[in-house]
Amino acid sequence: MPQVSPMDWLMMLLFWNFLFLFTMIFIYYLFTYSYSFFKKKSTLNLFSTKWY
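Sequential numbering from 1 applies to the sequence shown in the numbering used here.
This is the structure in structure tokens:
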């Protein structure tokens with residue numbers, strides 16, 4: 001097993017943290033955008049009421 005310095009661990013943790021945060025924000029915006037889009041459509045009213 002190769003030796004890993006604490007600095008590399010820190011950078012790796014920061015990298016995965018930012019990646020996770022970015023994906024969560026992206027998914028959140030995607031969900032809110034699609035939700036508002038479905039609410040505007042009257043044809044998908046039955047589909048949007050299922051979410052409540």
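Beta carbons are placed, not taken as given, at the ideal position from N, Cα and C, and that holds for glycine.
Alpha-carbon to alpha-carbon, residue j and residue i
i, j, result
"F37", "F26", "16 Å"
"Y28", "F22", "10 Å"
"P2", "L14", "21 Å"
"Y52", "N17", "Confidence at Y52 is low in this model, with a pLDDT of 48, below 50, so its placement is unreliable and no value can be given for it."
"Y35", "P6", "43 Å"
"V4", "L30", "37 Å"
"M12", "F20", "12 Å"
Three-state secondary structure assigned by DSSP to residue i
i, result
"P2", "coil"
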